[in-house]
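Data block below; observations after.
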Amino acid sequence: MNIVLYLKNLQGRGVQKVYLNLAKGLQELGCSVYFVIRENKIELDNKFLKHFYIFENIEVELDNLLSSLLNPILISNDVKITLNLKNINSKNIYYTVHMLWGERIFKQLRFLKWFELKQLYKNKQLIAVSDAVKKDLLTKVGIEPKSIEVIFDGFDIESIKKLANEPIDLSSDYMLNIGALSQEKNHKLLLRSYAKLNSPLDLIIIGSGKLEKSLKSLAKKLSIENKVHFVGFKSNPYPYIKNAKLVISTSTNEALPGVIIESLILNTPVVSTQSKGVSSILNGNLSPFVVKNSKLIEAISKALKNYPSIKVEDYDKFCYKKIASCYVDYISRRKNDE
Numbered sequence: 070m071n072i073v074l075y076l077k078n079l080q081g082r083g084v085q086k087v088y089l090n091l092a093k094g095l096q097e098l099g100c101s102v103y104f105v106i107r108e109n110k111i112e113l114d115n116k117f118l119k120h121f122y123i124f125e126n127i128e129v130e131l132d133n134l135l136s137s138l139l140n141p142i143l144i145s146n147d148v149k150i151t152l153n154l155k156n157i158n159s160k161n162i163y164y165t166v167h168m169l170w171g172e173r174i175f176k177q178l179r180f181l182k183w184f185e186l187k188q189l190y191k192n193k194q195l196i197a198v199s200d201a202v203k204k205d206l207l208t209k210v211g212i213e214p215k216s217i218e219v220i221f222d223g224f225d226i227e228s229i230k231k232l233a234n235e236p237i238d239l240s241s242d243y244m245l246n247i248g249a250l251s252q253e254k255n256h257k258l259l260l261r262s263y264a265k266l267n268s269p270l271d272l273i274i275i276g277s278g279k280l281e282k283s284l285k286s287l288a289k290k291l292s293i294e295n296k297v298h299f300v301g302f303k304s305n306p307y308p309y310i311k312n313a314k315l316v317i318s319t320s321t322n323e324a325l326p327g328v329i330i331e332s333l334i335l336n337t338p339v340v341s342t343q344s345k346g347v348s349s350i351l352n353g354n355l356s357p358f359v360v361k362n363s364k365l366i367e368a369i370s371k372a373l374k375n376y377p378s379i380k381v382e383d384y385d386k387f388c389y390k391k392i393a394s395c396y397v398d399y400i401s402r403r404k405n406d407e
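In structure tokens form, the structure reads like this:
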């Protein structure tokens, strides 16, 4: 199977890492994978890719690549870039959706974006990264796709465990939060809850963003500035996750929060406020640790005292190899349905 994966660039740890893990899994399944970006911005290792291209004249060069392949499949998170392609049948194009568009559109009153999405995704073959994303697209955005399948983001479990063994210099025990210092991550709730806990554990916050100054001011106002450590962006956050006593997520809008999955992989307890994508991860014995904002302090205290054993089955479904197989299965089923 010839599969072309297209992204804008390889800058960042979000969808970029997801696509690289997908490429790795597809290659291991025997697929011929052609990875295409249009901007020469690369922060992630891509040496394992057998076919890698940077196409600045993206529409022309991508079309030329597609014309050279037998019955190619194109997977992308960008609908617009594919609208003018001539050398691929639309039934061979799949679009991944990694965010809760409805939540974002109506919160920010972006009604032109809502209309645009309805048009762009109409009669398209979609892959939603969680049940929450699928429901959001169908009910809140109101799209009418040709088909839609839920396939989780894939994670390289062994690589994460290996990277987590790198040494870090920390002198005291701590709780951890990872995320951009933005409104959606709700760090104000995190800081206020931490202040009321009066815990002997420090709080480390990994991430950068425009709210850093105001959040540091809030920490000072709450008299916790000596126990809360804003350490900025970390290219390898896994040792921090592995050594944390607890990871806390207070995000308000998460499609499939990768930090929570990575925490389970590293056997670190997690508490999260209610965010629609979280239920795909923290379920079963872990579901009591997904709570309303008002119950966050209580959940943190409970988690620190007695957290259920984290089992392989709590995170193994996110293994990149299994996710790649889900993609191949979905594509094969769609072909048979045509």
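The numbers in our numbering rise by one with no breaks, and the one at position 231 of the sequence shown is 300.
By construction, the Cβ of each residue, glycine as well, lies at the ideal position given by its N, Cα and C atoms.
Tell me the DSSP secondary structure of residue i in three-state form.
i: residue 197; result: strand
i: residue 271; result: strand
i: residue 120; result: strand
i: residue 71; result: strand
i: residue 337; result: coil
i: residue 367; result: helix
i: residue 208; result: helix
i: residue 276; result: strand
i: residue 329; result: helix
i: residue 301; result: strand
i: residue 293; result: coil
i: residue 224; result: strand
i: residue 319; result: coil
i: residue 130; result: helix
i: residue 378; result: coil
i: residue 143; result: strand
i: residue 395; result: helix
i: residue 169; result: coil
i: residue 91; result: helix
i: residue 356; result: helix
Please go through the same chain and pick out, in chain order, the residues whose beta-carbon is closer than 7 Å to the beta-carbon of residue i, but skip the five residues on each side of it.
i: residue 141; result: 71, 73, 135, 157 and 161
i: residue 124; result: 105, 107, 130 and 131
i: residue 253; result: 320, 321 and 322
i: residue 215; result: 192, 193 and 194
Just to confirm before moving on: does the CB-CB distance between residue i and residue j stay below 8 Å?
i: residue 372; j: residue 338; result: yes
i: residue 223; j: residue 381; result: no
i: residue 85; j: residue 113; result: yes
i: residue 324; j: residue 148; result: no
i: residue 258; j: residue 279; result: no
i: residue 145; j: residue 75; result: yes
i: residue 187; j: residue 150; result: no
i: residue 79; j: residue 111; result: yes
i: residue 292; j: residue 365; result: no
i: residue 332; j: residue 310; result: yes
i: residue 163; j: residue 400; result: yes
i: residue 128; j: residue 109; result: no
Expressed to the nearest angstrom, what Euclidean distance is found between the alpha-carbon atoms of residue i and residue j?
i: residue 393; j: residue 94; result: 5 Å
i: residue 126; j: residue 133; result: 11 Å
i: residue 395; j: residue 220; result: 7 Å
i: residue 232; j: residue 180; result: 43 Å
i: residue 275; j: residue 260; result: 14 Å
i: residue 210; j: residue 285; result: 36 Å
i: residue 406; j: residue 143; result: 18 Å
i: residue 361; j: residue 322; result: 14 Å
i: residue 100; j: residue 165; result: 19 Å
i: residue 281; j: residue 330; result: 25 Å
i: residue 402; j: residue 98; result: 17 Å
i: residue 199; j: residue 139; result: 31 Å
i: residue 388; j: residue 238; result: 30 Å
i: residue 341; j: residue 283; result: 23 Å
i: residue 398; j: residue 363; result: 42 Å
i: residue 173; j: residue 256; result: 18 Å
i: residue 120; j: residue 206; result: 33 Å
i: residue 204; j: residue 217; result: 10 Å
i: residue 155; j: residue 169; result: 30 Å
i: residue 404; j: residue 117; result: 29 Å
i: residue 171; j: residue 183; result: 8 Å
i: residue 370; j: residue 312; result: 18 Å
i: residue 175; j: residue 77; result: 26 Å
i: residue 410; j: residue 185; result: Summary: the structure shown does not reach residue 410, with the chain confined to residues 70 through 407, and so no result is reported for it.
Could you pull out every residue in the same chain whose Cβ sits closer than 8 Å to the Cβ of residue i, ignoring the five residues on either side in sequence?
i: residue 353; result: 383
i: residue 377; result: 354 and 355
i: residue 83; result: 167 and 327
i: residue 385; result: 226 and 391
i: residue 91; result: 74, 144, 223, 389, 392, 393 and 396
Under 6 Å Cβ to Cβ from residue i, same chain only, skipping five residues before and after it: list those, please.
i: residue 288; result: 260, 294 and 297
i: residue 328; result: 247
i: residue 334; result: 226, 229 and 384
i: residue 307; result: 229, 232 and 233
i: residue 379; result: 333 and 336
Is residue i a contact residue of the ligand NAP, with contact defined as CB to any heavy atom under 7 Å?
i: residue 254; result: Absence of the ligand NAP is noted for the structure shown, with no ligands found whatsoever.
Is there contact here, the stretch 233-252 with the stretch 316-323, by at least three beta-carbon pairs under 8 Å? With the cut-off at 8 Å, the stretch 233-252 and the stretch 316-323 touch.
Counting pairs of Cβ atoms below 8 Å between the stretch 344-356 and the stretch 292-305, do you hit three or more? no
Segment contact flag, the stretch 266-274 with the stretch 187-200, C-beta cutoff 8 Å, min 3 pairs: Segment contact: the stretch 266-274 against the stretch 187-200, fewer than three CB-CB distances shorter than 8 Å; contact not assigned.
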